[in-house]
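The opening residue of the sequence shown carries number 1 in full-length UniProt numbering; numbering runs sequentially from there.
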Amino acid sequence: MGYRETYQQWQDDPEAFWLDAAQAIDWIEPPRQALFDRGDDLYEWFADARLNGCYNAVDRHVENGRGAQLAIIHDSPITGSQQKITYAELQTRVAALAGALQARGVAKGDRVVIYMPMVPEALEAMLACARIGAVHSVVFGGFAANELAVRIDDCTPKAILAASCGLEPGRVVPYKPLLDAAIEQATHKPETCIILQREQQPCELTAGRDVDWQEAKTDVTPAECVPVEGNHPAYILYTSGTTGAPKGVIRHTAGHLVALHWTMKNIYDVDPGDVFWAASDVGWVVGHSYICYGPLVHGNTTVVFEGKPVGAPDAGTFWRVIEEHNVRSFFTAPTAIRAVKREDPTGEYRRKYDLSCLRALYLAGERADPDTIEWAQELLGKPVYDHWWQTETGYTIVGNPAGLEPLPVKIGSPTVAMPGYDVQILDETGQPQKPGELGAIAIKLPLPPGTLPDLWNATDRFRKSYLTTFPGYYETGDAGMMDEDGYLYIMARTDDVINVAGHRLSTGAMEEVLAGHPDVAECAVVGVSDALKGQAPVGFICLSKGVDRPHQEIIDECVARMRAQIGPVAAFKQALVVDRLPKTRSGKILRATMVKIADSESFKPPATIDDPAILDEIKAALQKIGFARG
1 MGYRETYQQW QDDPEAFWLD AAQAIDWIEP PRQALFDRGD DLYEWFADAR LNGCYNAVDR
61 HVENGRGAQL AIIHDSPITG SQQKITYAEL QTRVAALAGA LQARGVAKGD RVVIYMPMVP
121 EALEAMLACA RIGAVHSVVF GGFAANELAV RIDDCTPKAI LAASCGLEPG RVVPYKPLLD
181 AAIEQATHKP ETCIILQREQ QPCELTAGRD VDWQEAKTDV TPAECVPVEG NHPAYILYTS
241 GTTGAPKGVI RHTAGHLVAL HWTMKNIYDV DPGDVFWAAS DVGWVVGHSY ICYGPLVHGN
301 TTVVFEGKPV GAPDAGTFWR VIEEHNVRSF FTAPTAIRAV KREDPTGEYR RKYDLSCLRA
361 LYLAGERADP DTIEWAQELL GKPVYDHWWQ TETGYTIVGN PAGLEPLPVK IGSPTVAMPG
421 YDVQILDETG QPQKPGELGA IAIKLPLPPG TLPDLWNATD RFRKSYLTTF PGYYETGDAG
481 MMDEDGYLYI MARTDDVINV AGHRLSTGAM EEVLAGHPDV AECAVVGVSD ALKGQAPVGF
541 ICLSKGVDRP HQEIIDECVA RMRAQIGPVA AFKQALVVDR LPKTRSGKIL RATMVKIADS
601 ESFKPPATID DPAILDEIKA ALQKIGFARG
């Protein structure tokens, strides 16, 4: 069946659709029912079943005769080292670590915080928790101590698995001092910390609490897989909340595995045994879904990459990894491709490598502007598929089902809704918008398997954050429109739709115009307060490497482009050339923070910011044109 037939099959009988997809998973007790309505817009999937996540990701492949296949390729251009681990080796390593946790009293339902860099042991830690039914919560390695403390207090872990340090190009980031400070600040105290000592910077262990990673696994009984219920939490992943307090997204075990398995072939077009690479971090949802669980449950080889798109050592790193490891599908963030484009606009590094193994590039994490997609298509000579999803959903809401039926790419659209998602565009009163009209993007309940059923110990906040604005719908927080063919266009976060003299305008549409300028490598548009018009757009522009023209010339050209392509209604008159944009470590541009700086409002730098010093640079640039005077 093609896409339309498959989507219709889901619409006609969602229960049958997901029960059929569930047959790809190994069950201890298979589900007899797919959906469970818990009332008040709360739903669960496969709650009557029993299974084990680690068994599905590791053991079953070994038992089916594929133990010699590579499960993990670790590639670290920072250390210049590589490591390859088969499924059989992974099973041994994970069972030993899980046994070490059991020996220290960790049991089904206990929480374990994982604070690790991009090393194979990070995946082993996640899988070891899944093996014994512990609930893991991965916190981005190097996260600030106070933020780590907040997460420790929220999920109250019995144990913490951490590394002595992480590595960035040109520097070592000590993790142990941050971990010690976090535990000191936290009210809850974990009983055990198991520490992976990295040779780049070993650390002192705290007597009575800390144990060396290798020593912990010595002389312990390897753990067997512990059966868990289908609605047993696999993990808690914290995402930033508008109030500053993190939200603990829960992922139930059964729906998570069923949905991710379905996506590996139908969306990412890989077969078991193929090499799949998501260039992300285990601290983000992409690392959970598509570095660890998705590829391994499907029987793929996953690449764990410790590096950066540029500077480790150069803008050809991505292409080198693809050629060397025979990567079939590659998934990264638009901001990573923009970084490569800025550093190597003519593609000199790409031409050094044979990328015939690559079938497609997948982009997600932030809106992929058309200019970036077109550049990547021309550079690679491969399909480039934008797709849209969130930490909360865990996998694709809207995408191009390349393994099911590749659909025509419409530049600027992540394509169409996947089975399980009834995506609608609503106005402020909750009424559906006509094709082509801008509105809030919402998903009719229930959400499909694998999406968040709730927040950790915060059901009221879950309802308030996602279910209140449009009753019967999940509010995505994004704004956009849909065309006559059902193609979705994500234009901005709802908060980034600005009101200029009564006209609702998308900052995303304006960014498309700026990104189309031949000298612009990256850009952002925000709406700042304006006494006359309510809000006025201001553009921030990063130039491609090698551009040596007066900045005012480029700004004038950008203003002219905006007037020609969007019209005088945009009232776009001001733009700034800056060296870099403030971003989270996952690549999202901090537009809301930029607005507060411009409007001289107080703000707290987000915990996920990559480099807080950039905010001072943005403030200084805004002050030159009369903003940020507070």
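In this text, a Cβ means the ideal position worked out from N, Cα and C, and glycines have one as well. These numbers come from a predicted model, not from an experiment.
Which of helix, strand or coil DSSP assigns to residue i
i	result
cysteine 203	coil
arginine 351	helix
asparagine 146	helix
lysine 619	helix
histidine 232	coil
isoleucine 566	coil
isoleucine 25	coil
glutamate 512	helix
tyrosine 421	coil
serine 506	strand
tyrosine 43	strand
glutamate 184	helix
leucine 380	helix
tryptophan 438	This sequence places leucine at residue 438; tryptophan is not what is there. Leucine 438: coil per DSSP, three-state reduction.
phenylalanine 540	strand
threonine 253	helix
histidine 517	coil
Contact set for residue i: own chain, Cβ-Cβ below 6 Å, skip 5 residues either direction
i	result
threonine 196	Per the sequence shown, the amino acid found at residue 196 is leucine instead of threonine. Cβ within range, chain order: Glu121, Ala163, Trp213.
asparagine 266	Pro401, Gly403, Leu404
valine 520	Leu514, Ile541
alanine 103	Val220
Best match in the options for proximity to residue i [C-alpha to C-alpha]
i	options	result
threonine 396	Arg359, Ala458, Pro309, Trp262	Trp262
threonine 372	Pro345, Gly394, Arg359, Leu355	Pro345
serine 544	Tyr489, Val578, Val150	Val578
asparagine 326	Leu358, Pro449, Pro414	Leu358
serine 506	Trp456, Gly567, Tyr349	Gly567
threonine 391	Asp454, Lys352, Ala360, Pro414	Asp454
proline 449	Pro471, Ala259, Pro370, Ser602	Ala259
alanine 96	Glu184, Ala128, Phe140	Ala128
glycine 412	Pro432, Ala149, Ala509, Val528	Ala509
alanine 564	Pro246, Gly105, Leu514	Leu514
phenylalanine 17	Gly420, Tyr474, Asp611	Gly420
valine 135	Ile114, Trp10, Pro408	Ile114
leucine 90	Arg60, Arg111, Ile78	Arg60
methionine 481	Leu257, Ala22, Ala68, Ala492	Ala492
valine 559	Gln574, Asp599, Val569	Gln574
alanine 531	Met562, Asn499, Cys523	Asn499
aspartate 556	Ala592, Lys583, Arg198, His517	His517
serine 356	Leu179, Ile322, Asp427	Ile322
alanine 254	Tyr474, Gly430, Pro233, Ser465	Pro233
lysine 247	Glu29, Ser600, Cys155	Cys155
proline 537	Ala570, Thr239, Trp319, Arg198	Ala570
arginine 4	Glu224, Ile78, Ala417, Leu19	Ala417
Whole-number beta carbon distance between residue j and residue i, since they are thought to touch under 8 Å
i	j	result
leucine 237	valine 249	5 Å
phenylalanine 603	isoleucine 597	7 Å
alanine 159	leucine 101	6 Å
arginine 93	glutamate 63	Contact flag wrong, Cβ pair sits at about 17 Å.
alanine 88	glycine 65	About 10 Å separates the two Cβ atoms, so there is no contact after all.
valine 150	isoleucine 132	The Cβ separation is near 26 Å, so there is no contact.
lysine 108	valine 282	The Cβ separation is near 22 Å, so there is no contact.
Cutoff 8 Å; reference residue i; Cβ partners in own chain excluding five residues on either side
i	result
residue 643	This structure cannot settle anything about residue 643, because the visible part of the chain is limited to 1 through 630.
glutamate 324	Asp75
arginine 561	Val513, Leu514, Gly516, His517
Neighbourhood of residue i by C-beta, 7 Å cutoff - its chain only, sequence neighbours within 5 removed
i	result
alanine 339	Pro309, Val310
valine 170	It is glycine, not valine, that sits at residue 170 in the sequence shown. There are no such residues.
leucine 296	Ala57, Val58, Ala71, Thr302
aspartate 422	Ile443, Lys444
glutamine 200	Cys165, Leu167, Val172
phenylalanine 627	Val528, Ala598
**OP:** Take every Cβ of the stretch 289 to 299, pair it with every Cβ of the stretch 377 to 388, and state whether three or more of those distances are shorter than 8 Å.
**Re:** no
**OP:** Evaluate contact between the stretch 360 to 376 and the stretch 327 to 336, counting only Cβ atoms and requiring at least three cross-stretch pairs below 8 Å.
**Re:** yes
Original post:
Is there contact here, the stretch 296 to 315 with the stretch 262 to 277, by at least three beta-carbon pairs under 8 Å?
Top reply: yes
**OP:** Would you check if the stretch 465 to 474 and the stretch 49 to 58 touch, i.e. whether three or more CB-CB distances between them fall below 8 Å?
**Re:** no
**OP:** Check whether the stretch 473 to 493 touches the stretch 422 to 437, taking contact to mean three or more Cβ pairs, one atom from each stretch, closer than 8 Å.
**Re:** yes
Original post:
Counting pairs of Cβ atoms below 8 Å between the stretch 218 to 234 and the stretch 178 to 188, do you hit three or more?
Top reply: no
Original post:
For the 8 Å Cβ check, are there 3 or more pairs between the stretch 578 to 591 and the stretch 522 to 541?
Top reply: yes
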